[in-house]
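Numbering follows full-length UniProt numbering, in which position 303 of the sequence shown is assigned residue number 303; successive positions increment by one, without gaps. Just so you know, even glycine gets a beta-carbon here, dropped at the ideal spot from N, CA and C. Small disclaimer: the values here were computed from a predicted structure and weren't measured. See below for the structure under consideration.
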Amino acid sequence: MMKAVVGSNATWRIFTYKELHAATNGFSEEKKLGEGWFGSVYLGKTSDGLQIAVKKLKALSSKAEMEFAVEVEVLGRVRHKNLLGLSGYCAGTDQRLIVYDYMPNLTLLSYLHGQLAGQVLLDWKRRMKIAMGSAEGLMYLHQEVTPHIIHRDIKASNVLLDSDFEPLVADFGFAKLIPEGVSHMTTRIKGTLGYLAPEYAMWGKVSESCDVYSFGILLFEIRTITEWAEPLITKGRFKDLVDPKLRGNFDENQLAQAITVAALCVQSEPEKRPNEVVSLLKGFEPKVKVMPMRITSAKYREELLALDQPSDDEGGGPDDHGVFSALEGGPYKNYGDDGRLTRNAEEYWQ
C-alpha cells in the first residue's frame, strides 16, 4: 500500500477495489467517460452519494505504475481551487485506480473543438475566467509549492470545468518536481505536439517556462487562433483573431492584453517568457518587449518524428517510442484525435 503524502488535513482517502467496483457498476461500459493511453475513466457514485471520476489503469506496466505514483504524489501535495482535486486512490495487489472530483462540464477542449462547440457558447467573460484561473493554478505549482512542480502537459483537454465553469488544471501523470535551487532538468520528452516548448521538444530541457509556453498556446487557442496569427498580431489586428462565434461581443482592451501575454509566453527563448502571467492578464504592463516570433510550434514537428532519446532520470525501454509514446489526452479522455466526443460520452451527456 502506498503511504500518504500529505498531512492530517487531507480531504482524500484510500478506497478498496470493492468500493470502486460498486460505485461504477462493475466498471460498466455505460459508465465509461473515456479511454486514454494508460487506462479508462468511469463515472461513479460513492455509497454516500458523491459523484466521482475513477481512472483505472489498463495494466501494471512500469510506465503506468510510474504515472500512477507521480500523479498520486503530486495531487496529494497540492490543494488549490484551480487544480483538480484528489478524492482518493486504490493500490491493491494487481490494481491501480485514481479517484478524482467529478467535473460536470467536461473539458475546455469540448467547448473549443469538440461536440459541444456548436451547442454551448463560451462567452468572453467565461473565456477570460478560464484563462485567468488556469494561470493561477500554474502559478501555484511554479511558485507556491515546495518543491516547485512542472506540469509538462498543459492543453485544452487537461483543463476541466466545474458546474460554474471554473477551470481546474488536471492530469499530473507527467509532472516533474523541481528540487530547490535547480533551474531546469533534462528529461525524456512527454506531452502533446503543438503545445511543447522548442527547447523541451528538441533537447528535453524542462523548466517552469515550458509550462508558460504551453499556456501561451492555450491562451491563443481559447480565442481560436490559427496558423496565420503572427502577421495579424504584428499589424495589431487583434479583432481579426477572435472566435467568430462571439459575434463581436468581447472587451477590446482585454483582448489586446490577452494576445500580448500569449505572444510573450510563446517566445522561443525561455528566459524571455514571463513568470508573472497572472499579473499580466490582470492588465499590468509587461516588463519585457515582445520580439518577432513564430506562434505555431509545428516548425519542429519533423524533427520530433525522429526523437527517441532516453533521459538522465527516466530510462528508455522496449515499449518506448520517443515523444509519441507519451501522447495522452486529459484524465477524462472524452475525445478522439479529431476532438470529437467518444460515443459513450456523447450518449451520456445528451
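The C-beta distance from L97 to E221 rounds to 31 Å, too long to meet the 8 Å contact threshold. Comparing alpha-carbon positions, the option among K125, Y200, D123 lying closest to D153 turns out to be Y200. For a cut-off of 8 Å, the C-beta gap from I130 to P167 is around 5 Å, short enough to register as a contact. Per DSSP, the unbroken alpha helix (DSSP H) holding Y200 starts and ends at 198-203. Between L50 and Y42, the C-beta gap is not smaller than 9 Å, which leaves the two residues out of contact.
Counting every other CB atom within 10 Å of its CB across the protein chains shown gives I14 a total below 16, marking it as exposed.
A distance below 8 Å between beta-carbons, with the five flanking residues on each side excluded, links Q257 to the following residues of its chain, in chain order: L280, L281, G283. For K155, no beta strand (DSSP E) run applies, since DSSP gives it neither H nor E. Put simply, of F165, L84, D94, K81 the residue whose alpha carbon is nearest the alpha carbon of L121 is F165. Check the Cα spacing between V169 and each of V242, K81, C265: the tightest is with K81.
In the three-state reduction of the DSSP assignment, Y195 falls in the coil class, being assigned neither a helical nor a strand state.
Counted as a single uninterrupted DSSP element, the beta strand (DSSP E) harbouring K55 occupies residues 51-57. Taken through DSSP and simplified to helix, strand or coil, L84 comes out as coil. For the options K272, V74, H21, N249, the alpha carbon positioned closest to that of V145 is the one of V74.
Assignment of beta-bridge partners to H148 by DSSP yields I178. L138 is not a Cβ neighbour of V206, given a cutoff of 9 Å. The beta carbon of D251 lies closer than 7 Å to those of W124 in the same chain, with the five residues before and after it left out. Following the DSSP letters along the chain, one finds Y42 inside the beta strand (DSSP E) bounded by residues 39-45.
For G34, the enclosing beta strand (DSSP E) has its first and last residue at 32-35. Ranked by Cα distance from V159, the options A197, S214, E208, P270 are led by S214. Unbroken alpha helix (DSSP H) stretches of 4 residues or longer found wholly inside the segment 246-289: 252-265, 277-281, given in chain order. If you draw a straight line from the Cα of T16 to the Cα of A91, it is about 8 Å long. Here DSSP, grouped into helix, strand and coil, assigns R127 to helix. Bridge pairing for R96: A91 [DSSP].
The C-alpha of Q95 is placed about 17 Å away from the C-alpha of G44. Straight through space, the alpha carbons of V78 and A22 are spaced by roughly 28 Å.
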